[in-house]
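What follows is a single structure, written as structure tokens, with notes after it.
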Amino acid sequence: MINYNPKNWSTFIFHIHKSDTFRKLWPLMLSIAIFSGLVAFAELNFFQLSKSSYVTNVGMMHSLLGFVLSLLLVFRTNTAYDRWWEGRKLLGSLTNVSRNLAMKIKALKLPEEDVRFFEYGIPKYAFGLKEHLREKLYFGKNSLLIEVEEGKHIPNQIAGSLIKRFYGLLEKGLISQEQFIVLSGDFNQFTDICGACERIKNTPIPFSYSAFIKKFIFIYVVTLPFGWVFSLGYFVVPIVPFILYVLASLELIAEEIENPFGYDANDLPVDQICTNIEKHVGEILG
């Protein structure tokens with residue numbers, strides 16, 4: 001995730017960051033500029049279509065469709081941001097649950113061996129969830145204190161080991177039934193958070209909707225020179241690519257943030273959050 005000062009306008013205006021959509025769109029923008037130039041040259045010098053009032057009114061279509069397109073893009077970006085923000089809230093909940101659980105375990109005054117197990121296992125669940133959401137295997141076949149089988153659901157295996165150890169405390173009489181009930185809620189939240197994160201990751205925007213917006217933007221921009229060349233002349237060459245940059249950038253930004261757990265520049269700082277969980281749990285139980 002990019003850390004920045006929102007009050008420093010010069011950074012946004014004069015600096016092109018590596019995540020800027022211009023880097024991805026410039027080949028298409030250049031192609032549209034060349035296409036716009038050819039259309040302008042053909043209409044102004046050969047076909048003389050400006051003499052026909054029907055052709056010169058083509059731009060009216062873009063005024064109407066521009067409003068429709070703006071509504072679609074607003075809905076698209078809002079939906080993507082809602083997914084990004086929900087992911088951040090879930091990671092915040094994971095942090096809070098990990099801290100609360102560590103504090104409660106500290107207060108139980110358990111044997112040192114059990115404390116060290118939870119000090120290791122609680123943050124490792126966060127790391128395991130992170131790698132699971134990124135479709136990677138975290139621990140390999142075995143870890144130091146928790147065995148993990150390759151090819152199986154990593155967070156479930158770690159949570160299962162934590163709960164198994166927790167049930168063992170009850171069987172040994174190290175915690176009371178009341179303490180068991182209170183702590184069970186914290187352990188259950190791990191799986192709830194994992195399921196919610198998987199829902200965000202595995203349920204993208206419907207394909208037909210995303211494909212329609214891309215086609216709509218392309219057709220809208222490609223037809224702009226035909227309607228605007230009579231009033232703008234060769235100025236359509238820089239103006240049409242700029243419109244493409246604005247519209248397509250909104251779609252690219254939405255694509256980037258709709259899965260907030262990856263490696264994109266604007267994705268959530270998952271690595272930092274997991275490291276903080278490990279640090280804070282270690283401070284509490286250390």
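Residue numbers (the UniProt record's numbering): 1 to 286. Cβ atoms here follow ideal geometry from the backbone N, Cα and C, with glycine treated the same way.
Query                                                                                                                                                                         : Result
Alpha carbons only, please: which of 230, 241, 213, 286 is nearest the one belonging to residue 73?                                                                           : 213
Give me the Cα-Cα distance between residue 108 and residue 166, rounded to the nearest whole angstrom.                                                                        : 12 angstroms
Exposed or buried, residue 199, counting other C-beta atoms within 10 Å across all chains shown (16 or more means buried)?                                                    : exposed
Do the stretch 178-196 and the stretch 36-47 make contact, defined as three or more Cβ pairs closer than 8 angstroms?                                                         : no
So if DSSP puts residue 43 in a beta bridge, which residue, or which two residues, is it bridged to?                                                                          : Answer by DSSP bridge pairing: none, since residue 43 is not bridged.
Which full runs of the alpha helix (DSSP H) of 4+ residues lie inside the stretch 146-215, going along the chain?                                                             : 154-171, 177-202
To the nearest angstrom, how far is the alpha carbon of residue 83 from that of residue 230?                                                                                  : 43 angstroms
For residue 272, count neighbouring C-beta atoms within 10 Å of its own C-beta (all shown protein chains included) and say buried if the count is 16 or more, exposed if not. : exposed
For residue 66 and residue 247, what's the separation of their Cα atoms in angstroms?                                                                                         : 10 angstroms
In whole angstroms, what separates the C-alpha of residue 120 from that of residue 181?                                                                                       : 22 angstroms
Less than 8 angstroms between C-beta atoms, sequence neighbours within five positions excluded: which residues of the same chain meet that for residue 142?                   : For residue 142, the predicted structure reports a pLDDT of 48, less than 50, and the residue's modelled location is therefore unreliable. A value from the coordinates is still provided. Closer than 8 angstroms at the Cβ level, and outside the excluded window around residue 142, lie 148.
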